[in-house]
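Here my numbering is used: the first residue of the sequence shown is 122, the next is one more, and so on. Each remark here refers to the structure printed beneath this line.
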Amino acid sequence: MPAEYREVSFIIHPLEPAREILIAELSLLPYDSFLETERGLKAYIKEADFSEDAIRNLHVLALQESQINFQTRIIPEENWNANWEAQFDPILVDDKCSVRAPFHKPKEVAYDIEIMPKMSFGTGHHETTFLMIRQMLQMEFSSKNVLDMGTGTGVLAILACKMGARKVRAIDIDEWSYTNALENAERNHCEGIRIEQGDTTLLGIGDGYDIILAN
122 MPAEYREVSF
132 IIHPLEPARE
142 ILIAELSLLP
152 YDSFLETERG
162 LKAYIKEADF
172 SEDAIRNLHV
182 LALQESQINF
192 QTRIIPEENW
202 NANWEAQFDP
212 ILVDDKCSVR
222 APFHKPKEVA
232 YDIEIMPKMS
242 FGTGHHETTF
252 LMIRQMLQME
262 FSSKNVLDMG
272 TGTGVLAILA
282 CKMGARKVRA
292 IDIDEWSYTN
302 ALENAERNHC
312 EGIRIEQGDT
322 TLLGIGDGYD
332 IILAN
């Protein structure tokens, strides 16, 4: 029988830093994907793996500095892609860079980036990612040696590659992000990006970078 998914919609006030903490905690559970919204977060998990008790036991819900409410609904598997496509809108940064999913039409811009985010952080919808892209568009990456620390989906590393960086190294401690970044780099014909799973211990003494990205 087709698997069903559970959508968990979180309303968060104030948004940060509670949303980032929530994503970090949910990443330890078997959720398939996250979608950041204007008011909070939507998380998706197979119905067979869903536990409301696991959500209620999240430490972030006990924070006095924020208020988090949630509700859930079941999504039949046949509606999964349509539901995801309907909610993941492409973004455009300064008419120069487009970040979109594979089911969106390409934009005629200088840098068109195709991302399938899954559970990884970095679609451009998050304000810090958007601002990082905007700042990068004002910089010179041609022939530069670039490090993207905490790469998530790999979107910033991919942009650096498309902007002409000589070398790009992308690191993330999360296994899901590592795998997703590899897939997205290949999707954007940026297979030359050196993508690794780990933390700062991977950086050696004497490693030199012209530009370091940390989102």
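Glycine included, every Cβ here is placed at the ideal spot set by N, Cα and C.
Where the beta strand (DSSP E) containing residue i begins and where it ends
i, result
"Lys288", "Lys288 to Asp293"
"Gln318", "Arg315 to Gln318"
"Val214", "Ile212 to Val214"
"Leu334", "Ile332 to Ala335"
"Glu312", "That residue, Glu312, is in no beta strand (DSSP E); it is neither H nor E in DSSP."
"Ile236", "Segment: none, Ile236 is in no beta strand (DSSP E) and carries neither H nor E."
"Ser219", "Cys218 to Arg221"
Sequence-distant residues of the same chain with beta carbon closer than 7 Å to residue i, five excluded per side
i, result
"Leu258", "Val214, Asp215, Lys217 and Cys218"
"Pro135", "Ser187"
"Arg287", "Ser264, Lys265 and Asn266"
"Met240", "Bear in mind that the predicted position of Met240 carries a pLDDT of just 46, short of 50, making it unreliable; the figure below should be weighed with that in mind. If we look at Met240 and ignore the five residues flanking it on each side, its Cβ neighbours are Ser148, Tyr152, Asp153, Ser154, Phe155 and Trp297."
Span of the alpha helix (DSSP H), counted from its first residue to its last, around residue i
i, result
"Met270", "Where Met270 is concerned, there is no enclosing alpha helix (DSSP H), although the beta strand (DSSP E) it sits in stretches over Asn266 to Met270."
"Leu143", "Ala139 to Leu147"
"Glu296", "Glu296 to Arg308"
6 Å CB neighbourhood of residue i in its chain, flanking five on each side removed
i, result
"Phe242", "Here Phe242 scores only 49 on pLDDT, less than 50, and its place in the model is too uncertain to base an answer on."
"Ile133", "Ala139, Arg140, Gly161 and Ile189"
"Pro227", "Asp233"
"Ala231", "Lys217"
"Ile294", "Asp320"
"Glu137", "none"
Contact under 8 Å by Cβ, residue i with residue j
i, j, result
"Cys282", "Val276", "no"
"Ala306", "Ile333", "no"
"Asp170", "Pro151", "yes"
"Arg127", "Glu168", "yes"
"Glu317", "Leu324", "no"
"Asn336", "Glu235", "no"
"Ile314", "Ala291", "yes"
"Phe262", "Met284", "yes"
"Ile176", "Glu125", "no"
Opposing strand residues paired with residue i [DSSP bridges]
i, result
"Ile196", "Tyr126"
"Leu162", "Phe131 and Glu157"
"Glu186", "DSSP output for Glu186 lists no bridge partner at all."
"Ile326", "Its beta-bridge partners do not exist; DSSP assigns none."
"Val181", "Answer by DSSP bridge pairing: none, since Val181 is not bridged."
"Lys167", "Tyr126"
"Ser263", "Answer by DSSP bridge pairing: none, since Ser263 is not bridged."
"Phe251", "Answer is none; Phe251 lacks a bridge partner."
Top-ranked residue by Cα proximity to residue i, from the options
i, options, result
"Glu312", "Met284, Asp210, Leu303 and Pro211", "Leu303"
"Thr193", "Leu143, Ala164 and Met260", "Ala164"
"Tyr129", "Gly319, Glu137, Ser172 and Leu149", "In the sequence under discussion, the amino acid at residue 129 is Val, which differs from the Tyr named in the question. Checked all of Gly319, Glu137, Ser172 and Leu149; the closest Cα to Val129 is Ser172."
"Met253", "Ser263, Asp269 and Lys265", "Asp269"
"Asn178", "Leu323, Ile316 and Leu143", "Leu143"
The ligand ZN heavy atom lying under 7 Å from the CB of residue i
i, result
"Asn309", "This structure simply doesn't include the ligand ZN, nor any ligand for that matter."
Beta-carbon proximity list for residue i, same chain, < 8 Å, skipping 5 on both sides
i, result
"Glu248", "none"
"Pro211", "Ser219, Val220, Arg221, Ala222, His225 and Lys228"
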